[in-house]
DNA sequence: GTAGGGTTAG
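Residue numbers (full-length UniProt numbering): 1 to 890.
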């Protein structure tokens, strides 16, 4: 149509045609579309290929594919490709993929040649159906038709292969393309990203930049999950900057992606910041936040967010399941049940995944009946369903049910690696090496030894079953390990009191480039405490500062204990004072520290301050404070607290509290009172109770009560080596060798091993260990010579050896020699020889210091004018100028 | 673009 005819008047039909065509382009809703459609029919234009094509597309946009089809049917059959393209695109757009493909084959059947506009929709339909076979066929058609290098078709093919998880082919198509735009790159990158090939996604993203292509918001939104998955913090930050630059109105999808990424980094601050700055938030934004907090195990925050959310936005299944998960972990059955009811009222359909979360919530919360009912009702159970219920039974001690369920599970489905991890945790809890070994066999058979978490659980199981060598063997076989592996092995060293190995492990871990986390620090600090490794402990404290863990409450608590057990009360108090948040464990650590140093008054003051701070003492706090009173001879105060515990705080005294109180009475010489106290106990006294009294009898030389108590302990037939040894020693000091032999025989027949007495000290970061009568160290001759000299000096000052402390049936001369070989003396002498004159000495002993060594230490401190700090199994003794800080109550 | 079960840690 020329310009002149347009101006001077068109035939009516053509005017109608062009005005309808214009109207079709500017239609905004379905009602308008229907009006125009009616107009097309009245004008008799409903067989026009161009107009019908437009109508088909418009109906598709307003989600009325059936109308699209009826429009198409008016022109069909047609040789014009335009309506065919429109109908295929319309159907694919409305997710009617098989229908779209049906029209594609009809089109070919009637001999209409598809063009470059046909294929993208057809390819899209194959991808939507997940039909790899058909996809291949269509790809073949494309090649045959010579469209192999078409940009739009290429992009569609990449997208299709990516959605079929065939990144090899996607990449191949990408490589073959002669021309690429940002969409091509985006399709490839988002393909890698959504199939979780994060390294590749990031790699192609860097290639895209090298190619000089400007990333758009689609690029960013597909690369963000990769940054999150790889914890690529630096790249993530750069992307965030890019979003600020190109995201004019803050594209919501990208912002949601940023939120998710920051949660994957564990960076709550920035996630919250992105969220706070968002102008628009949709359900996904809220869900990402609620789920994100949940995944970082910040369950309370997650629930609080949910409460905030429901005022502005209606929760969906995802929100509900996240909250249910939080309720499960917090054991909040009440809220969980409420949310469950809410979702039922809203008519939400629970899929398997959602049901599993619900099941887990009931199982963790202890409503095993509800869990079981849900489990029985579920149609599509997967291994997670079985495991969740199994875990519920295990958590709540229903081991019989757990085992029965496991049997059923084996019949209906294949137990997976996580099932085995849970079975291992049962073995670990009971230290049941037989069950553990059996599970280990299954694990090997099923090939789960490649699973990191299974190996971690195995290491832990063997460690808790006292098989450190087996733990180390498994550890040695592992090619890859994570922070949990290291932490597990460190805690294993801690359990086995193998301090050297513990330090080796933490160093090896750091050499691997792993940064210790809270659990690592909580594993290594007790090793420092145990070993009294002052220097190492201090270094770790420095490290804690650098890592930013100084405000972590459990870490702070472990630091207080470390300093106090390393002989540095000031350090312990210093850490305590710097802690901003303190819990009952923090205060208890401080009270115990004072207790160990015989600072009973300070312990009492701390106890009072704790109450003022609004923290209620728990049963451990009472053990600490009664212990402190006991070691400071504060009998009245201690008894008072014991009464208070029940009357004021409603805490029922446990065996440990009775043991502490018996210790309190008997240690300060009230042996008869202690015995009466024991006989009036509502619990049946165990060996720890009688043992406390017996130690005091021995120290006091009250052999009458000692003999009665010894009989009681023998009657109890305890497996605790220490109490058997104590009884044997008491008989030995009474010279009753017959009884000594009998007790020793019983120790042997029970297969108990006496832990050998040993002492150790740290000099210039090296730890020196001494056993009883040890002659295996280099300077032993000098050490024994020095002890001889000191012995004669002491004799002149009136020292008489306390031969009751020697526990072998030998003559008195020999006994004296044996006393000289006590490990703490060797350590003291060694320390005197190897440290600066006048400097303080610090010695650790695994057992309690005997009365004679206590006396000797006092003499030595005066003769050599040195402070000697000795930590034994119970407390610290500071020997200075011939006296001891404990006032001889040890 | 958001989702489930288990292992270390006092």
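Positions of the beta carbon are idealized from the N, C-alpha and C atoms, including for glycine. Here the structure is a predicted model, which means the values were calculated and not measured.
Item	Value
To the nearest angstrom, how far is the alpha carbon of residue 2 from that of residue 17?	Residue confidence for residue 2 is low, a pLDDT of 43 falling below 50, so the modelled location carries little weight; the figure read from the coordinates is stated next. Residue 2 and residue 17: Cα-Cα distance of roughly 16 Å.
Considering residue 63, what are the terminal residues of the beta strand (DSSP E) in which it resides?	Segment: none, residue 63 is in no beta strand (DSSP E) and carries neither H nor E.
Residue range of the beta strand (DSSP E) that residue 767 falls in?	766–771
Who are residue 883's beta bridge partners in DSSP?	880
Does the separation of the CB atoms of residue 426 and residue 457 fall below 8 Å?	no
If contacts are defined as beta-carbon pairs under 8 Å, then residue 453 and residue 491 qualify, I think. What distance do you get, rounded to the angstrom?	Not a contact, Cβ separation roughly 16 Å.
By the three-class DSSP mapping on this structure, what secondary structure does residue 759 have?	strand
Would you say the stretch 768–786 touches the stretch 828–846, given that touching needs at least three Cβ pairs under 8 Å?	yes
If we ignore side chains and look at the alpha-carbon of each, how far apart do residue 868 and residue 787 end up?	15 Å
Between 47, 424, 98 and 324, which lies nearest to residue 74 when the distance is taken from Cα to Cα?	47
Distance, Cα to Cα, residue 772 vs residue 325?	56 Å
Rounded to whole angstroms, what is the Cα-Cα separation between residue 7 and residue 13?	Because the pLDDT of residue 7 is 47, which lies under 50, any placement of that residue in the model is unreliable, and the question is left without a value.
Between the C-alpha atoms of residue 128 and residue 97, what's the straight-line distance to the nearest angstrom?	6 Å
Tell me the start and end of each unbroken alpha helix (DSSP H) in the stretch 549–593 that is at least 4 residues and wholly inside, in chain order.	553–565 and 569–578
Please state if the CB of residue 182 and the CB of residue 214 are separated by a distance shorter than 8 Å.	yes
Between the Cα of residue 15 and those of 26, 30, 29 and 45, spot the shortest distance and give me the residue it belongs to.	45
Taking the alpha carbon of residue 497 as the reference point, which residue from 139, 533, 560 and 146 has its own alpha carbon closest?	533
Once you ignore the five residues that flank residue 43 on each side, which residues in its own chain have a CB closer than 6 Å to its CB?	16
Can you look up residue 27 in the DSSP assignment and give me helix, strand or coil?	coil
What does a CB cutoff of less than 8 Å around residue 520 pick up in its chain, not counting 5 residues either side in sequence?	483, 486, 487, 490, 506 and 509
Output the distance between the C-alpha atoms of residue 67 and residue 391, rounded to the nearest integer angstrom.	53 Å
What is the rounded straight-line gap between the Cα of residue 22 and the Cα of residue 51?	10 Å
So who's on the other strand from residue 871, going by DSSP bridges?	844 and 876
How far does the alpha helix (DSSP H) with residue 470 in it extend, from its first residue to its last?	468–477
Helix or strand or just coil, what does DSSP make of residue 321?	helix
Note down, in chain order, each residue of its chain lying with its Cβ closer than 7 Å to the Cβ of residue 316, except the 5 sequence neighbours on either side.	283
Is DSSP giving residue 622 helix, strand or coil here?	helix
Just how far apart, CA to CA, sit residue 34 and residue 264?	49 Å
Using DSSP with H/G/I as helix, E/B as strand and the rest coil, what is residue 794?	helix
Could you give the DSSP three-state label for residue 451: helix, strand or coil?	coil
Give me the Cα-Cα distance between residue 396 and residue 335, rounded to the nearest whole angstrom.	20 Å
To the nearest whole angstrom, what separates the beta carbons of residue 170 and residue 153, a pair I think is in contact under 8 Å?	Actually they do not touch by this definition, with Cβ atoms about 14 Å apart.
Quick test of your reading: residue 594 and residue 575, contact by CB under 8 Å. State the CB separation rounded to the nearest angstrom.	Going by Cβ atoms, the distance from residue 594 to residue 575 rounds to 14 Å, so no, they are not a contact pair.
Please report the residue range of the alpha helix (DSSP H) in which residue 838 lies.	Segment: none, residue 838 is in no alpha helix (DSSP H) and carries neither H nor E.
Just to confirm, is the Cβ distance from residue 710 to residue 693 under 8 Å?	no
Taking all protein chains shown into account, decide if residue 715 is buried (16 or more other Cβ within 10 angstroms of its Cβ) or exposed.	exposed
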